[in-house]
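In the numbering used here, the protein residues as written are 554 to 951. Just so it is clear, CB atoms sit at the ideal spot from N, CA and C, and this is done for glycine as well.
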C-alpha cells in the first residue's frame, strides 16, 4: 500500500504542477488570473463535500473479513477508493482536451495551433469557420533552447530536454523570481500539507477535550501534550478509526472559508495586485496561527487554528502570479519547479512536524508562522509580470 501511495503522489504531483499552466495558455493576460482563481474556486467547492463523504463513510461500524487474502476491509479503505474516483474521471476527460495553442505556437507548429483554435471556436458556439490569416508568437524566446524531435527517445535526449527547459529559470533574468517563488512555495506547503497532516489529530483532540470537559478551557498545545501522553500510556491494541463530530464540523468550516475567500479573490484579482493579496493573506493567517497557540480559550483557539490553513489560498494566487512572470516556453517548467519545491516542503513539513508537535508544539507553530511572515517580506521583491512589462514597452497607437 505504501508503494501505491507513493506512485499516486508522484502522478498527482505531476498533474497538479501543470494544470494551472495549461489552463492559463487558453486565456489572455486580462482573463488569465481570474480563470485560475475560478478553477481554484471550483476545486474548493469539491473539497467542501469531503467532510460529508468522510463522515458518511469513515464513521461506520461495518467490517468485511477477507480471510482469503488476510485482510479486514474497513470503512477507511472504502473512503480511499471513493476519493480516487474523481481523479480517474478527470484523467479520462483530460485525454479529450486539446494541446495548449500557445505551446504549439512556441514550438513553431502553426498549422496545429490553427486547428486547436478552430476547435476552441467550435466548442464555444462559433457557427462559421474562424479565419486566421496569421499568428503572432511571443517575443521572449531568447532564453529557450528547443530540442527538435529527430526520432530519438533515449534517456539522454529526455534529460537534455529537461535541462534546456530548467536552466533558463536560474539565469540572471529570472533567478530572483525563481528563488522567491520556490522559497515561498516551500513554506506554504510546509504548513498546508505538512502541518495540515496533523489537523485531524489536533482538532480531534480538542473535540475530545471539549466533550469530556464541558465549560473548561485549555491551551491548544497543552491538549496536544495530554493527548500524546494518553496514547503513549495506552494499552489498547487497535487504533481508533472514528473521529469526533466536531472534527468534521471544523473541517467543513475550513472548506466554507476556502470557498468564500476564493470567491472574493476571483472578483478582485484583476483590480488588486496579486502581491498585495498574497502578503495580506500570509500575514493574517500567520497571525491567527500564533494567536491559536497563545489564546487559552479552546473553541476560539480551534477556529484560529482552522483559519491558519487558509494560507493555502496563497498557493493558487502565487501560481497565477508565476505564470505572469515567465514566457510560454518556461511557464509550465516554472510551475513544475516551484511546486516541486512545494512537495519537498510537504515531505519536510510532515516529518519535522511529526517529530516536534508532540513535545515542542509551540515551537512548531512559531517556526512555521515566522517563516511565512519572512516569505511575505520576500514576495514584495518579486518583479512585475512580463505582461505588464510588454504593455509598458509597447507604444500607444496614434
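Beta-carbon spacing of residue i, residue j below 7 Å
| i | j | result |
| --- | --- | --- |
| residue 513 | residue 925 | Summary: the structure shown does not reach residue 513, with the chain confined to residues 554 through 951, and so no result is reported for it. |
| residue 765 | residue 796 | no |
| residue 624 | residue 663 | no |
| residue 823 | residue 587 | yes |
| residue 579 | residue 611 | no |
| residue 714 | residue 771 | no |
| residue 604 | residue 879 | no |
| residue 585 | residue 577 | yes |
| residue 737 | residue 928 | yes |
| residue 672 | residue 686 | no |
| residue 865 | residue 745 | yes |
| residue 741 | residue 920 | no |
| residue 883 | residue 721 | yes |
| residue 574 | residue 885 | yes |
| residue 594 | residue 819 | yes |
| residue 751 | residue 906 | yes |
| residue 903 | residue 768 | no |
| residue 809 | residue 931 | no |
| residue 600 | residue 815 | no |
| residue 839 | residue 922 | yes |
Which of helix, strand or coil DSSP assigns to residue i
| i | result |
| --- | --- |
| residue 913 | coil |
| residue 825 | coil |
| residue 806 | helix |
| residue 582 | helix |
| residue 650 | coil |
| residue 778 | helix |
| residue 700 | Low local confidence applies: a pLDDT of 49 at residue 700 is under 50, so the model's placement there is unreliable, with the coordinate-based value given in what follows. Looking at residue 700 - three-state DSSP - the assignment turns out to be coil, as it is neither helix nor strand. |
| residue 618 | strand |
| residue 662 | coil |
| residue 573 | helix |
| residue 830 | helix |
| residue 685 | coil |
| residue 768 | coil |
| residue 797 | coil |
| residue 934 | coil |
| residue 677 | coil |
| residue 635 | helix |
| residue 695 | Note on residue 695: pLDDT 48, under 50, position unreliable in the model; no value is reported. |
| residue 560 | helix |
Extent of the continuous alpha helix (DSSP H) to which residue i belongs
| i | result |
| --- | --- |
| residue 657 | 654-659 |
| residue 732 | 725-742 |
| residue 719 | 708-719 |
| residue 753 | 752-765 |
| residue 849 | From DSSP, residue 849 is part of no alpha helix (DSSP H); its letter is neither H nor E. |
| residue 604 | 603-611 |
Presumed contact (8 Å Cβ cut-off) between residue i and residue j, rounded CB distance
| i | j | result |
| --- | --- | --- |
| residue 870 | residue 933 | In fact, because the Cβ distance is near 14 Å, the residues do not count as touching under 8 Å. |
| residue 860 | residue 841 | 4 Å |
| residue 898 | residue 743 | 4 Å |
| residue 862 | residue 807 | 6 Å |
| residue 935 | residue 828 | 6 Å |
| residue 805 | residue 858 | Actually they do not touch by this definition, with Cβ atoms about 15 Å apart. |
Residue span of the beta strand (DSSP E) that contains residue i, given as start and end
| i | result |
| --- | --- |
| residue 864 | Neither: residue 864 is in no beta strand (DSSP E) and is coded neither H nor E. |
| residue 624 | 624-626 |
At 4 residues or longer, and completely inside the segment 867-913: list those alpha helix (DSSP H) runs for me, N to C.
881-909
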